[in-house]
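First the structure, in the form of structure tokens, and then the observations on it.
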Amino acid sequence: MVSVKLVNLSKYFHNVKAVDNLNLEIKDGEFVALLGPSGCGKTTTLLMIAGIYKPTNGYIYFDNRLMNDVPPKDRNVGMVFQSYALYPHMSVFDNIAFPLKLKKRPKDEIRRKVKEVADLLGIGELLDRKPSQLSGGQQQRVALARALVKEPDIFLMDEPLSNLDAKLRIQMRAELKKMQKTFKITTIYVTHDQVEAMTMADRIAVLNKGVLQQYGSPDELYNRPKNIFVAGFIGSVPMNFIRGALKRTNGDYILEGLDYLFKIPRTYHDVLKDIEVGTEVILGVRPEHVDIGFGEYSGKVYVVEPLGRDQIIHIDIGGEIIRALAPGDYKVEEGKDIKFSFKEDKIHIFDKKSGEAYI
Amino acid sequence: MRFSPKKFFVSNSFTRKLHKGYLYVFLLPSLGFIVVFFLIPVILTFLIGLTKMDYSFRWDWIGLGNYIYILRDKWAYKILGNTLFYVFTTLAFFNVGMALFISIATTHINDKIGSIFRSIWLLPRITPSTVYALLWLWAARGEANSLFNWLTSIFGLHPIDWKLTYPWLLVILVNGFVGTSFGMIIFTAALKSIPEDYIRAAKVDGASTLQIIRYVELPLIKWPLLFVTAYQTLSLLTSYEYILLVTDGGPGLYTTEVWALYSYHLAFAQYGGIVKFGYGAALATILVIIGLIMSVIYWKVFRFRELMVEPKIEV
Amino acid sequence: MRIVPLLKNSIVYIILLLVTLPIILLYTLLFLQSISVNLNGVIPNGFTLDHWSILSTGNIRVPGTTTQYYPNLYLVASNTFILAVIIAFTEVVLSSLAGYALSRYKFAGRSQILTLTLILHAFPGITLLIALFYVLNALGLYNSLIGVVIVKVALDLPLGIWIMKGFFDGIPWDIEMSALVDGCSRLGAWWRVIMPNVRNGLMAVLIFGFLSGWSEFIYVLTFIASQDYWTFSMFVYALTTGEYSYINPGITATVAIIYMIPVIIFFLFAQKYLLRIQIAGKSTV
Ligand SMILES: Nc1ncnc2c1ncn2[C@@H]1O[C@H](COP(=O)(O)OP(=O)(O)OP(=O)(O)O)[C@@H](O)[C@H]1O
Ligand SMILES: [Mg+2]
Chain Y
1 MVSVKLVNLS KYFHNVKAVD NLNLEIKDGE FVALLGPSGC GKTTTLLMIA GIYKPTNGYI
61 YFDNRLMNDV PPKDRNVGMV FQSYALYPHM SVFDNIAFPL KLKKRPKDEI RRKVKEVADL
121 LGIGELLDRK PSQLSGGQQQ RVALARALVK EPDIFLMDEP LSNLDAKLRI QMRAELKKMQ
181 KTFKITTIYV THDQVEAMTM ADRIAVLNKG VLQQYGSPDE LYNRPKNIFV AGFIGSVPMN
241 FIRGALKRTN GDYILEGLDY LFKIPRTYHD VLKDIEVGTE VILGVRPEHV DIGFGEYSGK
301 VYVVEPLGRD QIIHIDIGGE IIRALAPGDY KVEEGKDIKF SFKEDKIHIF DKKSGEAYI
Chain F
1 MRFSPKKFFV SNSFTRKLHK GYLYVFLLPS LGFIVVFFLI PVILTFLIGL TKMDYSFRWD
61 WIGLGNYIYI LRDKWAYKIL GNTLFYVFTT LAFFNVGMAL FISIATTHIN DKIGSIFRSI
121 WLLPRITPST VYALLWLWAA RGEANSLFNW LTSIFGLHPI DWKLTYPWLL VILVNGFVGT
181 SFGMIIFTAA LKSIPEDYIR AAKVDGASTL QIIRYVELPL IKWPLLFVTA YQTLSLLTSY
241 EYILLVTDGG PGLYTTEVWA LYSYHLAFAQ YGGIVKFGYG AALATILVII GLIMSVIYWK
301 VFRFRELMVE PKIEV
Chain V
1 MRIVPLLKNS IVYIILLLVT LPIILLYTLL FLQSISVNLN GVIPNGFTLD HWSILSTGNI
61 RVPGTTTQYY PNLYLVASNT FILAVIIAFT EVVLSSLAGY ALSRYKFAGR SQILTLTLIL
121 HAFPGITLLI ALFYVLNALG LYNSLIGVVI VKVALDLPLG IWIMKGFFDG IPWDIEMSAL
181 VDGCSRLGAW WRVIMPNVRN GLMAVLIFGF LSGWSEFIYV LTFIASQDYW TFSMFVYALT
241 TGEYSYINPG ITATVAIIYM IPVIIFFLFA QKYLLRIQIA GKSTV
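Residue numbers (my numbering), protein chains in the order written: chain Y, 1 to 359; chain F, 1 to 315; chain V, 1 to 285.
Written as structure tokens, this is what we have:
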């Protein structure tokens with residue numbers, strides 16, 4: 001097992017900056033997710049770590065060894081591709097055995113290990129089949145088995161669950177996490193699904209347009225997003241963003257919007273005192289941190305989306321709609337006035353221009 | 001020991017270059033063949049065209065003499081007319097016309113039967129030219145028991161020698177039945193790739209089969225049509241194998257002679273054994289230039305450049 | 001069932017059949033000619049297998065002479081076969097190597113070489129006959145099968161490379177990347193993972209090369225002088241030209257059918273490859 005360090009890593013394709021000056025440290029045995037929207041450079045990063053792409057700039061270290069010019073075959077990484085990349089002309093057995101054959105391991109050892117890992121993943125019955133005769137979920141397990149069988153130092157996974165149906169995805173999520181914890185293999189997991197990243201990873205690196213936005217534990221990303229991009233990307237119901245200007249009246253800070261005013265709790269005054277009055281800011285608050293039925297603010301119920309256990313109540317506050325998460329049995333009527341408030345310690349304030357978080 | 005990345009890179013980029021040496025092993029043999037037996041002949045054709053070379057292979061330079069001679073060659077005009085007639089007739093009736101008919105007809109009937117018809121049309125294409133020409137030569141014989149005469153006798157017509165009476169008909173039929181397959185395959189592939197939904201939508205709108213062909217299918221295979229037309233124009237312009245086998249330019253003097261065949265005759269089969277490599281090459285140069293220009297045009301117009309996507313592995 | 005569409009449909013079938021009839025008749029005629037005493041149109045007057053007796057010795061007398069013989073049929077067959085096989089294998093090897101390099105590597109000159117092959121693949125090589133004659137003569141390869149092989153290979157290669165490059169392009173990059181991660185070198189991945197997945201392309205080019213060599217006529221006619229190097233195309237050409245060309249059509253038809261055997265085999269069992277070759281472009285007519 002090794003640790004991975006990316007130093008000022010960049011990859012340009014002509015003038016597209018696929019990865020831009022990325023710095024990342026992944027500890028030995030850690031499960032790190034690379035999270036970001038499509039095209040943000042996740043796969044490119046992974047392929048540089050695997051040695052398929054040469055970095056335009058920067059360094060890749062495994063432990064303290066510089067890897068930039070080590071060919072992929074000498075890096076001892078296992079990789080699961082988004083498309084699974086099973087070899088169409090080989091049986092499942094040969095697919096899984098391939099990395100071992102290349103290492104020139106004895107035949108009986110190969111047989112034993114393939115059997116072992118195949119049984120572990122529940123595909124022991126499929127060894128004689130060709131990849132084209134497998135379902136998506138089975139193909140995915142074969143790809144996993146092939147990456148695991150060589151006992152890699154680093155495990156790279158590129159959206160391995162994105163081609164599975166919802167139910168299988170949830171099941172595999174748990175299995176993968178358990179497996180990683182059992183083998184303690186350093187794992188880098190690429191996904192654009194924040195739920196996957198939040199539930200599986202020890203730490204998450206959020207990327208946007210090739211630039212690292214924030215690197216931290218799921219908890220940190222959820223509670224202390226560094227900027228508006230991370231705040232909007234993390235969370236199953238997106239955070240509310242309320243535009244306004246920062247004003248000061250009677251010693252209190254308030255956010256003044258089109259038709260609304262929000263008071264900013266005193267606990268944050270220290271942070272805000274350096275900001276010029278009148279600066280355009282954005283107030284962020286997650287729907288689950290909007291309490292309804294009582295409180296100092298009010299609006300009109302615009303529409304209600306029932307989700308079963310919960311419901312999302314859209315509240316028109318005049319020029320802006322905010323979403324609140326309420327229990328499914330809470331009674332509201334569209335068009336009626338409703339009172340609400342924000343959980344004081346859960347609000348965020350971002351600079352409108354830079355998107356950086358003040359709070 | 002402290003690590004020096006810079007030193008590391010220098011040494012490695014060097015080994016990487018060596019490492020890719022095998023690329024040249026992959027490419028050089030093909031390039032060698034193409035350069036020596038394809039590119040150099042292109043240049044040589046042009047150069048020989050500036051000489052009055054004969055079987056002694058002497059380079060007697062005469063500048064543009066051959067080209068001036070073409071302008072004064074009374075046969076050249078007749079042959080040019082022949083060539084244009086041959087190319088456009090064959091193209092219109094078979095390489096594009098028949099091909100279009102076969103592909104539309106066979107895609108609108110039972111799929112199995114349709115593909116059997118298309119298979120049959122492929123047969124002339126893969127039959128050795130000498131055998132294929134023989135089939136037509138026999139069929140067109142003047143005897144009463146030849147295929148053509150046997151068929152026309154059903155309508156009470158007298159036997160004739162088809163090759164002597166209608167040489168152009170024979171030339172165009174022979175070439176046309178071979179030439180149809182190329183367009184047929186391309187058009188069929190294009191027609192089959194039209195999304196079923198377009199056709200269904202037109203049907204829902206109440207279009208008849210003919211209207212669907214006219215207003216949905218034909219406009220959608222515009223590009224393949226242009227492609228086949230351009231491609232086959234060049235092939236027809238430069239091909240003479242079947243004419244050589246069937247009429248050899250006859251009957252009589254240059255009745256069905258085309259430009260490419262004229263060049264061949266001058267160089268290799270001149271009456272009386274006079275070999276005119278120089279003049280033949282000058283005639284061929286004109287075809288070579290047309291060929292090069294058209295090849296470049298295909299490359300531009302048909303976006304072959306899009307086939308040149310960049311590789312993704314950088315090891 | 002409505003009558004009108006049915007009627008329309010049968011009109012289409014009839015027209016299709018009519019325009020296709022010449023092909024059907026021509027090939028039927030060839031077959032019947034080889035097994036009948038005489039033909040009236042397509043009606044045989046009595047069947048015979050006599051014409052096929054040429055297979056016993058392979059010797060066929062030149063019509064109009066008493067003692068002159070054409071080159072032995074078996075010599076001609078083996079010449080043709082050798083020519084076709086060498087052409088096919090050379091084209092497969094060279095075009096798969098070059099096609100792979102062009103499809104999968106970045107190197108200086110790549111786009112120029114690609115442009116060149118793409119332009120040349122549409123270019124009619126036949127127009128270069130005189131220059132090729134000059135080159136072969138200068139290299140001392142006139143009147144040798146090797147000369148014909150080299151010319152054929154060179155002129156077919158741009159198309160072969162293009163076909164192969166298409167097949168290589170069709171292999172997902174993920175698979176090759178995966179092979180590298182699993183421990184292959186670039187060459188190892190080529191041999192173990194890429195090549196097995198372009199078998200269809202190799203087959204297509206092999207068949208294309210074989211048929212191209214097997215059927216070749218003009219280059220043999222032009223570059224071969226000695227009867228010892230005749231191929232089937234020359235043989236059939238000799239049998240069908242000249243005054244006595246219809247003296248013994250049964251024998252000519254038999255030779256032609258023997259000549260057609262590989263073509264028929266490919267036609268019946270390898271049509272998907274033939275279509276592939278055709279779509280890739282180029283044809284002499
Ligand atoms: N080989 C390449 N050549 C040119 N541009 C590329 C190449 N590979 C990636 N890019 C570009 O680099 C950017 C990042 O691509 P990358 O595949 O890393 O995104 P990703 O985060 O994996 O996205 P997705 O979630 O869609 O897989 C994109 O803009 C992409 O178009
Ligand atoms: Mg990706």
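Just so you know, even glycine gets a beta-carbon here, dropped at the ideal spot from N, CA and C. All of these numbers come straight from a predicted model, not from anything done at the bench.
Chain Y within 8 Å of residue i, Cβ atoms only
{"i": "aspartate 174 of chain V", "result": "yes"}
{"i": "serine 178 of chain V", "result": "yes"}
Outcome for residue i when other beta-carbon atoms lying within 10 angstroms are tallied against a minimum of 16
{"i": "lysine 73 of chain Y", "result": "buried"}
{"i": "valine 77 of chain Y", "result": "buried"}
{"i": "phenylalanine 269 of chain V", "result": "exposed"}
{"i": "histidine 158 of chain F", "result": "exposed"}
{"i": "arginine 309 of chain Y", "result": "exposed"}
{"i": "leucine 237 of chain F", "result": "buried"}
{"i": "tyrosine 316 of chain F", "result": "What the structure shows of chain F is the stretch from 1 to 315, and residue 316 of chain F is not part of that stretch, so it cannot be assessed."}
{"i": "glutamate 196 of chain F", "result": "exposed"}
{"i": "threonine 80 of chain V", "result": "buried"}
{"i": "serine 215 of chain V", "result": "buried"}
Test: residue i CB closer than 8 Å to a CB of chain V
{"i": "alanine 281 of chain F", "result": "yes"}
{"i": "alanine 350 of chain F", "result": "Since the first residue shown for chain F is 1 and the last is 315, residue 350 of chain F is missing from the structure and cannot be characterised."}
{"i": "threonine 127 of chain F", "result": "yes"}
{"i": "alanine 166 of chain Y", "result": "no"}
{"i": "phenylalanine 12 of chain Y", "result": "A quick correction: the sequence has tyrosine, not phenylalanine, at residue 12 of chain Y. It does not: the Cβ of tyrosine 12 of chain Y has no partner Cβ on chain V nearer than 8 Å."}
{"i": "glycine 291 of chain F", "result": "yes"}
{"i": "lysine 87 of chain Y", "result": "One detail in the question is off: residue 87 of chain Y reads as tyrosine in this sequence, not lysine. Output row for tyrosine 87 of chain Y: interface = yes."}
Closer than 8 Å to chain F by CB, residue i
{"i": "serine 283 of chain V", "result": "Bear in mind that a pLDDT of 33 at serine 283 of chain V, under 50, signals an unreliable position, so the number given afterwards is only what the model happens to contain. So yes, serine 283 of chain V belongs to the interface."}
{"i": "methionine 260 of chain V", "result": "yes"}
{"i": "tyrosine 229 of chain V", "result": "no"}
{"i": "methionine 1 of chain V", "result": "A caution first: methionine 1 of chain V carries a pLDDT of 46, below 50, which makes its placement in the model too unreliable to give a value."}
{"i": "valine 12 of chain V", "result": "yes"}
Cα-Cα separation between residue i and residue j, rounded to whole angstroms
{"i": "alanine 145 of chain Y", "j": "methionine 200 of chain Y", "result": "19 Å"}
{"i": "isoleucine 49 of chain Y", "j": "proline 225 of chain Y", "result": "27 Å"}
{"i": "alanine 189 of chain F", "j": "glutamate 25 of chain Y", "result": "52 Å"}
{"i": "lysine 104 of chain Y", "j": "phenylalanine 98 of chain Y", "result": "10 Å"}
{"i": "asparagine 72 of chain V", "j": "phenylalanine 267 of chain V", "result": "27 Å"}
{"i": "proline 167 of chain F", "j": "tyrosine 100 of chain V", "result": "47 Å"}
{"i": "isoleucine 320 of chain V", "j": "threonine 186 of chain Y", "result": "Missing from the structure shown is residue 320 of chain V; chain V here goes from 1 to 285 and no further."}
{"i": "leucine 161 of chain Y", "j": "leucine 272 of chain Y", "result": "43 Å"}
{"i": "serine 217 of chain Y", "j": "glutamine 82 of chain Y", "result": "24 Å"}
{"i": "arginine 266 of chain Y", "j": "glutamine 194 of chain Y", "result": "32 Å"}
{"i": "valine 304 of chain Y", "j": "leucine 164 of chain Y", "result": "31 Å"}
{"i": "alanine 108 of chain V", "j": "aspartate 174 of chain V", "result": "24 Å"}
{"i": "threonine 127 of chain F", "j": "glutamine 133 of chain Y", "result": "39 Å"}
{"i": "asparagine 227 of chain Y", "j": "glutamate 280 of chain Y", "result": "15 Å"}
{"i": "threonine 285 of chain F", "j": "glutamine 232 of chain F", "result": "19 Å"}
{"i": "aspartate 63 of chain Y", "j": "arginine 75 of chain Y", "result": "12 Å"}
{"i": "leucine 266 of chain F", "j": "glycine 81 of chain F", "result": "18 Å"}
Partner residues on chain A for residue i, Cβ-Cβ distance less than 8 Å
{"i": "isoleucine 23 of chain V", "result": "In the structure shown, chain A cannot be found, because the protein chains are Y, F and V."}
Short-range partners of chain V found in the region 157-191 of chain Y, where Cβ spacing is below 7 Å: none
Ligand 2 site residues, beta-carbon cut 7 Å against heavy atoms: Y:Lys42, Y:Thr43, Y:Gln82, Y:Asp158, Y:Glu159 and Y:Val190
Contact set between the region 182-198 of chain V and chain Y, restricted to residues whose Cβ is under 7 Å from the partner: Asp182, Gly183, Cys184, Ser185, Val193, Pro196 and Asn197
Between the region 216-241 of chain V and chain F, which residues of the former have a C-beta closer than 9 Å to a C-beta of the latter? Here the close residues are Glu216, Phe217, Ile218, Leu221, Thr222, Phe232, Ser233, Met234, Phe235, Val236, Tyr237, Leu239, Thr240 and Thr241.
In the region 82-95 of chain F, which residues sit with their C-beta less than 7 Å from some C-beta in chain V, listed in chain order? Residues: none.
Identify each residue in the region 79-106 of chain Y for which the Cβ-Cβ distance to at least one residue of chain V is less than 7 Å, and report them in chain order. Met79, Phe81, Ser83, Ala85, Tyr87, Pro88, His89, Phe98, Pro99, Leu102 and Lys103
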